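Trainee:
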Amino acid sequence: MERIETPALAQAFIDEQIAALRAQIGSGKVLLALSGGVDSSVLAALLVKAVGKQLVCVHVNHGLLRKGEPEQVIQVFRDEMDANLVYVDAVDRFLDKLVGVADPEQKRKIIGAEFIRVFEEEARKLDGNGFLAQGTIYPDILESGPVKSHHNVGGLPDDLNFELVEPLKFLFKDEVRVVGKALGLPDNMVYRQPFPGPGLGVRCTGAITRDRLEAVRESDAILREEFAKHGLEGKVWQYFTVVPDFKSTGVKDGVRSYEWPVILRAVNTRDAMTATVEPVPFDLLEHITKRITAEVPGVNRVLYDLTPKPTGTIEWE
Ligand code: XMP
29 MERIETPALA QAFIDEQIAA LRAQIGSGKV LLALSGGVDS SVLAALLVKA VGKQLVCVHV
89 NHGLLRKGEP EQVIQVFRDE MDANLVYVDA VDRFLDKLVG VADPEQKRKI IGAEFIRVFE
149 EEARKLDGNG FLAQGTIYPD ILESGPVKSH HNVGGLPDDL NFELVEPLKF LFKDEVRVVG
209 KALGLPDNMV YRQPFPGPGL GVRCTGAITR DRLEAVRESD AILREEFAKH GLEGKVWQYF
269 TVVPDFKSTG VKDGVRSYEW PVILRAVNTR DAMTATVEPV PFDLLEHITK RITAEVPGVN
329 RVLYDLTPKP TGTIEWE
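Mapping to this note's numbering: the sequence shown position 311 is 339, numbers consecutive.
1) Alpha carbon to alpha carbon, how far is Gly128 from Ile236?
2) Going by DSSP, which residues form a beta bridge with Pro98?
3) For Arg220, I'd like the list of residues in its chain whose CB is within less than 6 Å of its CB, leaving aside the five on either flank, ordered along the chain.
4) Check whether the Cβ atoms of Ala161 and Leu59 sit closer than 9 Å, and answer yes or no.
5) Note down, one range per segment and in chain order, each alpha helix (DSSP H) of at least 4 residues found wholly within the stretch 277-305.
6) Taking the alpha-carbon positions, what's the Asn328 to Ala72 distance?
7) Taking the alpha-carbon positions, what's the Tyr332 to Trp344 distance?
8) Taking only three categories from DSSP, how would you classify Leu93?
9) Give the straight-line distance between the Cα atoms of Ala40 and Val104, rounded to the nearest whole angstrom.
10) Decide if Lys135 is buried, meaning its Cβ has at least 16 other Cβ atoms within 10 Å, or exposed.
11) Could you spell out where the beta strand (DSSP E) holding Thr269 opens and where it closes?
12) Can you grab the Cα-Cα spacing for the pair Leu199 / Gln45, in whole Å?
13) How many whole angstroms separate the CB atoms of Val119 and His87, which I take to be in contact at a CB cut-off of 8 Å?
14) DSSP state of Glu33, grouped into three classes?
15) Using three-state DSSP, classify Asn216 as helix, strand or coil.
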């Protein structure tokens with residue numbers, strides 16, 4: 029198959045898939061878990077073009093999304109594309125279940141299981157025959173590596189009888205992005221860095237608290253804003269902040285403070301199995317440090333993680 033590298037080839041793919049999707053789906057309903065990541069967003073935009081309001085996009089806000097993400101999903105899909113979007117505010121449900129849970133794998137299990145439960149509730153609201161759209165891409169089929177393991181919504185109970193719709197399954201990531209551009213999705217959605225299913229939950233180490241989670245979200249927003257301003261967005265493979273569950277002594281406005289550190293992480297990789305650290309310019313690190321310590325409540329230090337993978341993993345949990 030020819031690789032999709034140009035807008036013209038993307039358009040040909042889109043036209044072909046629209047016809048195939050209409051033939052498969054007929055007048056049925058299609059359910060889609062729309063996280064706002066590249067694959068689910070491109071899938072949603074394609075399905076909106078093919079079957080319009082027969083598509084039901086479910087965006088679950090589990091409280092572990094980055095700053096501005098739920099708002100952007102609503103703006104792009106509901107306001108601009110006029111898609112049928114169900115927004116589920118499940119923030120309290122998830123965060124209440126996670127209270128006191130410190131083990132990283134246990135946190136992942138709780139987040140994954142609760143996600144299926146919320147999605148299942150929406151799935152049961154669809155009567156009649158149903159289709160389930162999944163943003164499977166070719167590398168997911170080649171090797172079911174760690175990146176997607178918590179994204180998919182396999183695991184729905186057997187009594188729900190959905191036929192799978194997977195129009196992106198023969199595309200590589202870069203091809204999905206070209207298709208996304210051709211479908212009119214904004215650049216910051218199409219060229220978005222990978223984001224794990226458990227989201228900010230694995231960057232608020234140990235037992236998650238709401239105030240420390242906000243420190244992760246706010247510091248991450250500052251890091252992303254500064255990387256975008258300085259031309260690093262789309263160049264560095266993955267970058268984020270971590271707020272560990274310990275405090276250290278500092279001084280703010282002449283007064284002793286006892287607050288969290290923020291750890292910055294910025295790495296490059298081909299396949300996420302090994303990774304190198306991005307040599308972020310020192311003056312930019314200093315600038316980000318100033319902003320985070322001034323703007324993020326509860327934080328008095330900023331550290332840059334210099335550890336490649338191995339020996340570190342990319343995430344801290
Ligand atoms: P690690 O930390 O294992 O991360 O070096 C490698 C890549 O996988 C992502 N990652 C996850 N993605 N669910 C996901 O969907 C997860 O539980 C998960 N854990 C790590 C991580 O962001 C990095 O891109």
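We put the CB at the ideal spot given by N, CA and C, even for glycine. Just so you know, these numbers come straight off a predicted model, no measurement behind them.
Mentor: Once the coordinates are examined:
1) 7 Å
2) Answer is none; Pro98 lacks a bridge partner.
3) Val66
4) yes
5) none
6) 41 Å
7) 13 Å
8) coil
9) 23 Å
10) buried
11) Gln266 to Val270
12) 12 Å
13) That belief does not hold up - the Cβ atoms of Val119 and His87 are roughly 12 Å apart, past 8 Å.
14) coil
15) helix
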